[in-house]
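**Student:**
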Amino acid sequence: MFRQRLPDVHILTRETNTREQIVPLSEGLWIWGCCAILNCRTPAWERVLREPLLAMVPANHPLARQPSVSGGAGARALRLFDPHVGTGLYDDILGLLRRYGHTPKIAREVGRQ
């Protein structure tokens, strides 16, 4: 429908993570981006969606049987996104755990292959 109404408009899309978008947006190389975090240093931004942060555990995990869990309930065995590549959630998740009195011991960090 879009192409029928506006045949002279060409849109180039590129899938990138949040961190990869910051420089081209800030330098005006791109005119629009969609980021998972709100602390991007771009000239302007607007929240378009608010999503819940979900924790996942195996079906046989004791927490899976609970109707709800506290913010740090799963802090003992936690796997996070790579802090240097991904979505920006690394700092958000660690901040959430600190708010609930948990400071996870990072056993190993592995980058994206």
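Just so we're aligned: 15 in the working numbering is position 20 of the sequence shown, and the numbers increase by one with no gaps anywhere.
Built from N, CA and C at the ideal position, the CB exists for glycine as well.
Note that the structure is a prediction, hence the values are computed from the model and not measured.
With burial defined as no fewer than 16 other Cβ atoms inside 10 Å of the residue's Cβ, what is the status of Gln(-1): buried or exposed?
**Tutor:** Exposed: under 16 other Cβ atoms inside 10 Å.
**Student:** Note the first and the last residue of the continuous alpha helix (DSSP H) segment covering Arg90.
**Tutor:** The question names Arg, but residue 90 is Gly in the sequence shown. Its alpha helix (DSSP H) spans residues 84 to 94.
**Student:** For Pro47 and Thr8, what's the separation of their Cα atoms in angstroms?
**Tutor:** One C-alpha to the other measures close to 26 Å.
**Student:** Going by C-alpha to C-alpha distance, which of Met(-4), Asn12, Asp3 sits closest to Leu84?
**Tutor:** Per the Cα distances, Asn12.
**Student:** Under a Cβ-count criterion, where at least 16 other Cβ atoms within 10 Å of its own Cβ denotes burial, should Ile17 be classed as buried or exposed?
**Tutor:** By the 10 Å Cβ count, Ile17 comes out buried.
**Student:** Let me confirm a value: Leu1 is counted as buried when at least 16 other C-beta atoms fall within 10 Å, else exposed. Which label applies?
**Tutor:** Leu1 should be labelled exposed.
**Student:** Run the CB neighbour count on Leu20, radius 10 Å, all protein chains shown included, and call it buried at 16 or more, exposed below.
**Tutor:** Flag for Leu20 reads buried.
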